[in-house]
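Each residue of the sequence shown is one higher than the one before, counting from -6 in my numbering. Glycine included, every Cβ here is placed at the ideal spot set by N, Cα and C.
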Amino acid sequence: MKRSEQIFLRKLPRFSAKDRKATLVIFDHILTKWVPGFSTWISRFPNAYPVKAGESLKSLRSYSDFCERVSRTAPDIRRSNGRVLGIGGGSVGDFSGFFASTYLRGLPLELLPTTWLSAIDSAHGGKTALNLLNHKNQIGTFYPARKIYLVRGMLEVQGKSLEEQAWGELAKIAILDGGKWTYSLNRASLWSVLPQAIEAKWKWVLQDPLETKGIRHALNLGHTWGHVLEAAKGLSHGEAVLRGIRFALQWSFEKNYLSERDRNHLIQFLGSSRSETGPLSRKQATAHLLRDKKIDPKGLRFVFLKSKSSGSKNKIKPFFESVTLPQLLKELERQGWLKV
Ligand SMILES: NC(=O)c1ccc[n+]([C@@H]2O[C@H](COP(=O)([O-])OP(=O)(O)OC[C@H]3O[C@@H](n4cnc5c(N)ncnc54)[C@H](O)[C@@H]3O)[C@@H](O)[C@H]2O)c1
-6 MKRSEQIFLR
4 KLPRFSAKDR
14 KATLVIFDHI
24 LTKWVPGFST
34 WISRFPNAYP
44 VKAGESLKSL
54 RSYSDFCERV
64 SRTAPDIRRS
74 NGRVLGIGGG
84 SVGDFSGFFA
94 STYLRGLPLE
104 LLPTTWLSAI
114 DSAHGGKTAL
124 NLLNHKNQIG
134 TFYPARKIYL
144 VRGMLEVQGK
154 SLEEQAWGEL
164 AKIAILDGGK
174 WTYSLNRASL
184 WSVLPQAIEA
194 KWKWVLQDPL
204 ETKGIRHALN
214 LGHTWGHVLE
224 AAKGLSHGEA
234 VLRGIRFALQ
244 WSFEKNYLSE
254 RDRNHLIQFL
264 GSSRSETGPL
274 SRKQATAHLL
284 RDKKIDPKGL
294 RFVFLKSKSS
304 GSKNKIKPFF
314 ESVTLPQLLK
324 ELERQGWLKV
């Protein structure tokens, strides 16, 4: 897999008239309302398609409707050396990436992430996705964008709640990168930390680009339980991941992998999440866990955290251990995530 080129900009990129003609833009329609000057900028692209962001965009129905729409309205896109530019948060990125990787057997992809979550995490690493029957990311491809535009003016119009949602994935990357920068990171400095966060994610991705060696699995830290909370409680992805990381680090401490000092520091670093969620029933949790494509009735490879000796460069290291579903449920119950 070729690493994407990152282009850091203050304002929206300029394209020549020829490039604009060859670009099929898929953009979150909400941006025309939120970002000053965006409506004028986007109106210069003859093939720009507004979409409604969210999980329903990542469905087979919306994919097939979209392909038919493009086929009817932009039949010349391949001949004009076309490329796809996805502008929006993670849902628009996942959808645009899947579309680009499959339409006409593949068109070059560029992304312009507009939420902190997508700028920090989802735009990088080449995963595209659609959902199936309400289960997340069941269909997808590995198809990295050749260019990713990180535009400060687009990102800084977001409200506090989207910053909050990004914190989960940023915290994950900081912990996976050895935990050193969890001592200096704060929520007010998202733009300045972007290059570091992207670099840290690529370190994992490039060791295992197609997820065949198991190394990239570390990026699932906090996601096993996080995905359940996202689906069952309707939390945002980032908020759910934050809770999932808390569960993982408590379990790591309980198993004596993580020192008390590191556990306490990381709990403090993760901070409090806005709304607390009530516990789930065991039946509900089991049903959701079994939908996770990484879990089967025998169990899963859970991402734990380990404290390293005080002399080592990185203080914390992720590692995997097979756990059974009953073990996972027992620990969830012990930590109070399940109704007793
Ligand atoms: N491919 C990957 O590696 C990967 C990794 C993590 C998450 N994801 C996916 O990313 C998605 C979640 O990401 P997200 O929260 O960015 O998705 P999103 O696209 O649903 O955006 C969240 C909300 O923010 C709005 N928005 C977008 N840009 C804005 C801006 N600049 N100002 C104000 N509002 C804006 C959107 O309209 C939407 O309502 C999920 O579908 C998740 O599965 C993918």
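So is the beta-carbon of residue i under 7 Å away from any non-hydrogen atom of ligand 1?
i       : result
Leu105  : no
Ser115  : yes
Ser55   : no
Thr134  : no
Ser46   : Reading the sequence as shown, one finds Ala at residue 46 and not Ser. For ligand 1, at least one heavy atom lies less than 7 Å from the Cβ of Ala46.
Met(-6) : no
Leu78   : no
Lys129  : yes
Leu235  : no
Thr108  : yes
Gln158  : yes
His281  : no
His210  : no
Trp184  : no
Lys51   : yes
Glu162  : yes
Ser111  : yes
By Cβ distance below 6 Å, which residues in the same chain neighbour residue i in space, the five residues on each side in sequence not counted?
i      : result
Asn40  : Leu17 and Ala67
Pro6   : Tyr142
Leu259 : Leu242
Could you name the residues of the same chain whose beta carbon sits closer than 7 Å to that of residue i, not counting the 5 residues immediately before and after it, in chain order?
i      : result
Glu48  : Ser84 and Asn124
Gln328 : Phe240 and Gln243
Glu162 : Leu110, Ile113, Asp114, Gly231 and Val234
His281 : Val221, Ala224 and Ala225
Under the rule that 16 or more other beta-carbon atoms within 10 Å means buried, what is residue i, buried or exposed?
i       : result
Asn249  : exposed
Gln158  : buried
Gln151  : buried
Thr33   : exposed
Leu203  : exposed
Ser(-3) : buried
Thr205  : exposed
Asn213  : buried
Along the chain, where does the beta strand (DSSP E) containing residue i start, and where does it finish?
i      : result
Ala41  : Ala41 to Val44
Ser315 : Ile309 to Val316
Ser300 : Leu293 to Ser300
Val19  : In the sequence under discussion, the amino acid at residue 19 is Ile, which differs from the Val named in the question. Ile19 -> beta strand (DSSP E) spans Thr16 to Asp21.
Tell me where the alpha helix (DSSP H) around residue i begins and ends.
i      : result
Thr95  : Gly83 to Thr95
Asn257 : Glu253 to Leu263
Gln131 : Unbroken run through Gln131 is the beta strand (DSSP E), His128 to Ile132; no alpha helix (DSSP H).
Cutting at 8 Å between CB atoms, please list the residues of its own chain near residue i, excluding the five before and the five after it.
i      : result
Glu149 : Trp184
Trp330 : Trp218, Phe240, Pro272, Leu273 and Ala278
Using a Cβ cut-off of 8 Å (strictly closer), state whether residue i contacts chain C.
i      : result
Phe295 : Protein chain content of the structure displayed is limited to a single chain, and chain C is not contained in it.
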